[in-house]
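Enquirer: Sharing a structure here in structure tokens format.
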Amino acid sequence: MITINEHYLKLQASYLFSDIAKRVATFQENNPDKDIIRLGIGDVTRPLPKACITALHAAVDEMASDASFHGYGPEQGYAFLREAIAKHDFQDQGADISADEIFVSDGAKCDSGNIQELFTTDIKVALPDPVYPVYLDTNVMAGRTGVFADGRYQGITYLDAVRSNNFVPDLPKEPVDLIYLCFPNNPTGTTATKEELKTWVDYAHEHKALILFDAAYEAFIRDESLPKSIFEIDGAKEVAIEFRSFSKNAGFTGTRCAYTVVPKECMAFDSKGNKQAVHPLWNRRHCTKFNGVSYPIQKAAEAVYSAEGKAQTRELTDYYLRNAAHIKAEIGKLGFDCVGGDNSPYIWIDGQGRDSWEFFDLLLNTAGVVCTPGAGFGKCGQGYIRLSAFNSHENVVTAMERISAELK
Ligand SMILES: *Cc1c(COP(=O)(O)O)cnc(C)c1O
40 MITINEHYLK LQASYLFSDI AKRVATFQEN NPDKDIIRLG IGDVTRPLPK ACITALHAAV
100 DEMASDASFH GYGPEQGYAF LREAIAKHDF QDQGADISAD EIFVSDGAKC DSGNIQELFT
160 TDIKVALPDP VYPVYLDTNV MAGRTGVFAD GRYQGITYLD AVRSNNFVPD LPKEPVDLIY
220 LCFPNNPTGT TATKEELKTW VDYAHEHKAL ILFDAAYEAF IRDESLPKSI FEIDGAKEVA
280 IEFRSFSKNA GFTGTRCAYT VVPKECMAFD SKGNKQAVHP LWNRRHCTKF NGVSYPIQKA
340 AEAVYSAEGK AQTRELTDYY LRNAAHIKAE IGKLGFDCVG GDNSPYIWID GQGRDSWEFF
400 DLLLNTAGVV CTPGAGFGKC GQGYIRLSAF NSHENVVTAM ERISAELK
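For what it's worth, the numbering used here labels the leading residue of the sequence shown as 40, then goes sequentially.
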């Protein structure tokens, strides 16, 4: 008899985006002339940078002749890309990461979801609330939680990100082994200072814990005092793994390229309490279960680091940050408490006593603007909505004019 992994039955069906779609469809039926502006989904809207497209075309042409064809590449990624990443994203920023500590992949979603395979199921997992759901659901699937009750899975240590801690979670009160952090944060848009990250690194050393740091939005950081990588923090290499992606900085959401940094010094422990390096384990897993990102896509990603590529990705993120600043300013004028939007494409808005879905319906039905209800990201998201800067500037301006007219 073929039996299933029953941990999957514990998963809460994610109705978030289908519920949004249903409400939007109903609104459109009742208001066929109203044009809806979507500031809900966390997907970019602008095309790939020219430098990436040029490199992609050239690489596609290489695949057409015997002499320059590429078959299977190295599972960890081509040296040209790993070296460019190590130099530009780390060494030039003062973080001592080498090319062989970079694992190129087809997404930070997959990597942040798969990494937990390396660890036993009896470890204690801590993750933020509100949270990017991938961290939580993959641990549920692996059997690291009990059942879902009162809006939370038993056995998980939730790190509340709330007004009282400026949406940067405090250290857990009980000891934990695996800690997920994401800065700039999705969904709240908040950032963490070097001092704040240092407290987590110190905690990890003290408790023999490991930090999984999701830096998918680092390209939106403009405040130079803020860390872009956890490896800017002393001692982080022993206790942290970092996820990066070309999705949000260079528009690769549909093209797929990302990478994970596992420093050679990064350690976990075997059942006897002996230190074991994590790098060879992830290398083994990656080579066994993954066969590399396609050559043309890696060439396109490499172009992000050319002089033109850097200027063009900067222009892309500047464009979205201008949208974010506009949203934040207009929301502020209406008297709402909000965070994010400065070094992040997301703005997290307190509904002033409104339930997340009530606030969602209000924006949709009065202004024709789609947001994301905060409750979809966890219990602490209740009462909030997330607005995203991923849309054209014209649409963002129109959306904010409509919201301002309705809510002032
Ligand atoms: C968008 C996003 C990513 C990037 O995922 P990809 O699979 O690389 O597209 C990673 N983490 C968070 C929190 C995100 O919002």
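Beta carbons are placed, not taken as given, at the ideal position from N, Cα and C, and that holds for glycine.
The model shown is predicted, which means the values in this text are computed figures rather than measured ones.
Where does the unbroken alpha helix (DSSP H) through phenylalanine 252 begin, and where does it stop?
Expert: Run containing phenylalanine 252: none in the alpha helix (DSSP H); it sits in the beta strand (DSSP E), 249-253.
Enquirer: Express the C-alpha separation of valine 143 and proline 86 in angstroms, rounding to a whole number.
Expert: Approximately 22 Å, taken between the alpha carbons.
Enquirer: Quick one: what's got a C-beta closer than 7 Å to valine 170's C-beta in the same chain, skipping five residues either side?
Expert: Correct list, in chain order: Phe416, Gly417.
Enquirer: Roughly how many angstroms separate the alpha carbons of glutamine 337 and cysteine 326, rounded to a whole number?
Expert: Distance between the alpha carbons of glutamine 337 and cysteine 326 is about 17 Å.
Enquirer: So, does the region 345-359 touch the region 83-98, judging by three or more C-beta pairs under 8 Å?
Expert: Result yes; three or more Cβ-Cβ pairs closer than 8 Å.
Enquirer: Flag asparagine 430 as yes when its Cβ comes closer than 6 Å to any non-hydrogen atom of ligand 1, and as no otherwise.
Expert: No.
Enquirer: Please check the pair phenylalanine 229 and proline 211, which I expect to be a contact at CB under 8 Å, by giving their CB distance rounded to whole angstroms.
Expert: A quick correction: the sequence has threonine, not phenylalanine, at residue 229. That pair is no contact at about 18 Å.
Enquirer: According to DSSP, is tyrosine 358 helix, strand or coil?
Expert: The answer is helix: DSSP assigns tyrosine 358 an H, G or I state.
Enquirer: Answer yes if the region 123-141 comes into contact with the region 158-168, meaning at least three C-beta pairs across the two stretches below 8 Å, and no otherwise.
Expert: At 8 Å Cβ cutoff, the stretches do not touch.
Enquirer: Please report how far the alpha carbon of glycine 462 lies from the alpha carbon of lysine 148, in whole angstroms.
Expert: Nothing can be reported for residue 462, as the shown portion of the chain is limited to 40 through 447.
Enquirer: Can you list, in chain order, the residues of its chain with a C-beta nearer than 7 Å to that of cysteine 419? Leave out the 5 residues immediately preceding and following it.
Expert: Closer than 7 Å at Cβ, skipping near neighbours: Asp168, Pro169, Asp199, Ala200, Val201.
Enquirer: Using alpha carbons as the reference points, say which of Trp387, Gly390, Lys372 lies closest to lysine 447.
Expert: The residue with the shortest Cα to Cα distance from lysine 447 is Lys372.
Enquirer: From glutamine 193 to aspartate 150, what does the alpha carbon distance come to, in whole angstroms?
Expert: Answer to the nearest angstrom: the Cα atoms are 24 Å apart.
Enquirer: Is any heavy atom of ligand 1 found at a distance shorter than 6 Å from the C-beta of alanine 231?
Expert: No, the beta carbon of alanine 231 sits no closer than 6 Å to any heavy atom of ligand 1.
Enquirer: My output table needs one value for phenylalanine 285: the three-state DSSP class, helix, strand or coil.
Expert: Here phenylalanine 285 sits in coil by DSSP.
Enquirer: Can you give, in chain order, each stretch of the beta strand (DSSP E) that sits fully within the region 344-403 and has at least 3 residues?
Expert: Fully enclosed beta strand (DSSP E) runs of 3 or longer: 377-379, 385-389.
Enquirer: Whole angstroms is fine: what's the gap from aspartate 376's alpha carbon to aspartate 273's?
Expert: Roughly 34 Å between the two C-alpha positions.
Enquirer: Using the C-alpha atoms, what's the distance from threonine 93 back to glutamate 347?
Expert: Answer to the nearest angstrom: the Cα atoms are 11 Å apart.
Enquirer: Return the residue from the list Ser57, Val63, Glu277 that minimises the CA-CA distance to glycine 407.
Expert: When each option's Cα is compared against that of glycine 407, the closest is Val63.
Enquirer: With glutamate 304 and glutamate 277 assumed to form a contact (beta carbons below 8 Å), what rounded beta-carbon distance in angstroms separates them?
Expert: About 5 Å; that satisfies the 8 Å criterion.
Enquirer: Indicate the three-state DSSP secondary structure (helix, strand or coil) for cysteine 326 in the structure shown.
Expert: Note: cysteine 326 maps to helix in three-state DSSP.
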